[in-house]
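Student: Next up is a structure, given as structure tokens.
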Amino acid sequence: MVGGTIVTPARRAPVRAALAWVLVIPFALWALARVAGLENGGPLTQLMSATPYVALGSLLPVLVAVLGRRPVAACVAVVTAVTLALCVLPRAFGDGAVAAGRPFTVLSVNLLYGRADPAALVDLVRRVRPDVLSAQELTPDSVNRLDGAGLGQMMPFRELRAEWGAGGLGVFSRHPLNGPVVALPGGGRVEVVAVHPPQPSSENLSRWRTALASLPSASAEIPRILAGDFNATLDHAALREVLARGYADAADRAGAGLVPTWPANARLPQMITIDHVLVDARVGVREVSVHTLPGTDHRAVVARLELPE
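What follows is the structure, encoded as structure tokens:
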């Protein structure tokens with residue numbers, strides 16, 4: 002009592018502690034879900050694409066816990082931030098290893114129901130000179146428009162399953178094809194598989210998982226490349242399971258794994274990386290770049306590879 006007045010100490014410490022934990026716990030649970038692959042359905046599967054942004058945001062709980070002098074919360078926040086950083090940051094640096102071999106370039110693009118500008122795509126083909134083009138959402142009309150723009154002259158060999166809607170797929174090649182197998186000049190072969198599973202929406206989640214699980218594993222007999230719109234990022238356990246069957250993400254190896262590919266040509270900025278070129282362990286990766294094309298909401302991916310001799 003001071004001067005007849007009872008003074009009650011301010012209870013700020015519990016408030017700061019509560020605030021620190023309120024911030025730490027959601028990020029810690031996210032890190033657990035990401036590492037353990039717990040996105041078993043519902044909106045968490047779609048939200049997992051935001052992991053790179055969550056990793057950046059995980060620095061906020063560290064700051065709040067440290068400034069609030071909450072050592073336990075700070076330790077949990079630091080472990081969470083480091084865990085998320087280890088999941089995300091390696092994609093920006095690559096592995097620095099390039100195996101010498103035969104140069105081979107893959108171009109992959111989702112045509113958005115065949116609406117991608119054919120002249121722009123053919124111009125990109127002319128500039129980057131891919132050996133193969135993996136096309137998703139390939140429609141019969143888009144095949145005709147691409148050939149009218151000159152693609153047929155540059156890439157006369159093709160294995161197509163053009164369909165109206167989003168289900169069409171195709172592989173165009175400079176070299177002879179036998180199904181998905183490309184016969185290389187002077188001998189040698191490589192298999193290129195066009196990929197486009199459905200979106201992992203609530204109603205399509207089972208089909209999305211099944212489509213990714215049904216992709217062929219890497220082969221010991223012939224180098225195999227999977228290229229397309231996977232509707233998945235490297236933060237999805239379903240895609241990491243594909244990688245575990247003998248593949249590496251070319252952009253991840255080249256240090257371009259955080260370059261977003263969707264959505265393009267929209268009011269929103271490109272935010273997530275769902276277009277990939279997966280290569281088996283014997284294939285070297287020299288460079289991966291992305292290119293915006295008019296008429297489609299996906300950026301095209303160009304992977305410059307080195308096939309084993």
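Numbered according to our numbering, the sequence shown spans residues 2 to 310.
Don't be surprised by glycine CBs; every beta carbon is placed ideally from N, CA and C.
Just list the beta strand (DSSP E) runs in the region 273–297, keeping only unbroken ones of 3 residues or longer that don't cross its boundaries, in chain order.
Tutor: 276–281, 285–292
Student: Report the three-state DSSP secondary structure of residue 150 (helix, strand or coil).
Tutor: By 1-based counting over the sequence shown, the position of residue 150 is 149. Residue state, collapsed to three classes: coil.
Student: Would you report the Cα separation of residue 170 and residue 283, rounded to the nearest angstrom?
Tutor: In the sequence shown, counting from the first residue as 1, residue 170 sits at position 169. In the sequence shown, counting from the first residue as 1, residue 283 sits at position 282. If I take the Cα positions, the gap works out to 26 angstroms.
Student: With 16 as the cutoff for other CB atoms within 10 Å, does residue 186 come out buried or exposed?
Tutor: Taking the first residue of the sequence shown as position 1, residue 186 is located at position 185. With fewer than 16 other Cβ atoms within 10 Å, it is exposed.
Student: Using a Cβ-Cβ cut-off of 7 angstroms (strictly less than) and excluding sequence neighbours within five positions of residue 167, which residues of its own chain qualify?
Tutor: On the sequence shown, position 166 is the one that residue 167 refers to. Once the five neighbours on either side are set aside, the close Cβ partners of residue 167 are 114, 138.
Student: From the DSSP output, in three-state form, read off residue 217 for me.
Tutor: Within the sequence shown, residue 217 is the residue found at index 216, counting from 1. Looking at residue 217 - three-state DSSP - the assignment turns out to be coil, as it is neither helix nor strand.
Student: Report the three-state DSSP secondary structure of residue 47 (helix, strand or coil).
Tutor: Numbered from 1 along the sequence shown, position 46 holds the residue referred to as residue 47. In this structure, residue 47 counts as helix in the three-state DSSP scheme.
Student: Could you check where the beta strand (DSSP E) with residue 227 kicks off and where it finishes?
Tutor: As a working note, residue 227 is residue 226 in the sequence shown. Start and end: 225–230.
Student: Reducing DSSP to helix, strand and coil, say where residue 263 ends up.
Tutor: Taking the first residue of the sequence shown as 1, we reach residue 263 at position 262. Correct three-state label for residue 263: strand.
Student: How would you call residue 149, buried or exposed, if buried means at least 16 neighbouring beta carbons within 10 angstroms?
Tutor: Here residue 149 corresponds to residue number 148 of the sequence shown, with the count starting at 1. Flag for residue 149 reads exposed.
Student: Give me the DSSP bridge partner(s) of residue 109.
Tutor: As a first step, residue 109 must be located in the sequence shown, where it is residue number 108. Here residue 109 is bridged, per DSSP, to 135, 302.
Student: What residues in its chain sit with their C-beta under 6 angstroms from that of residue 152, if we drop five residues either side in the sequence?
Tutor: If you number the sequence shown from 1, residue 152 lands on position 151. Result list for residue 152: 123, in chain order.
Student: Should residue 229 and residue 135 be called a contact, given that it needs their Cβ atoms to be closer than 8 angstroms?
Tutor: Your numbering for residue 229 matches position 228 in the sequence shown. Your numbering for residue 135 matches position 134 in the sequence shown. The answer is yes: Cβ separation under 8 angstroms.
Student: Give me whichever residues DSSP pairs with residue 161 in a beta bridge.
Tutor: Your numbering for residue 161 matches position 160 in the sequence shown. Looking at the DSSP output, residue 161 shares a beta bridge with 171.
Student: Would you be able to state if there are at least three C-beta pairs under 8 angstroms between the region 243–254 and the region 215–235?
Tutor: yes
Student: Can you tell me the Cα-Cα spacing of residue 205 and residue 39, whole angstroms?
Tutor: The sequence position of residue 205 within the sequence shown is 204, counting from 1. The sequence position of residue 39 within the sequence shown is 38, counting from 1. So the two alpha carbons sit approximately 18 angstroms from each other.
Student: Please classify residue 145: does DSSP put it in a helix, a strand, or coil?
Tutor: Position 144 of the sequence shown, counted from the start, is the residue given in the question as residue 145. Helix.
Student: Assign residue 23 to buried or exposed, taking buried as 16 or more other Cβ atoms, counted over all protein chains shown, within 10 Å of its Cβ.
Tutor: Here residue 23 refers to the residue found at position 22 when the sequence shown is read from its first residue. With fewer than 16 other Cβ atoms within 10 Å, it is exposed.
Student: Just how far apart, CA to CA, sit residue 201 and residue 210?
Tutor: Here residue 201 corresponds to residue number 200 of the sequence shown, with the count starting at 1. Here residue 210 corresponds to residue number 209 of the sequence shown, with the count starting at 1. About 8 angstroms.
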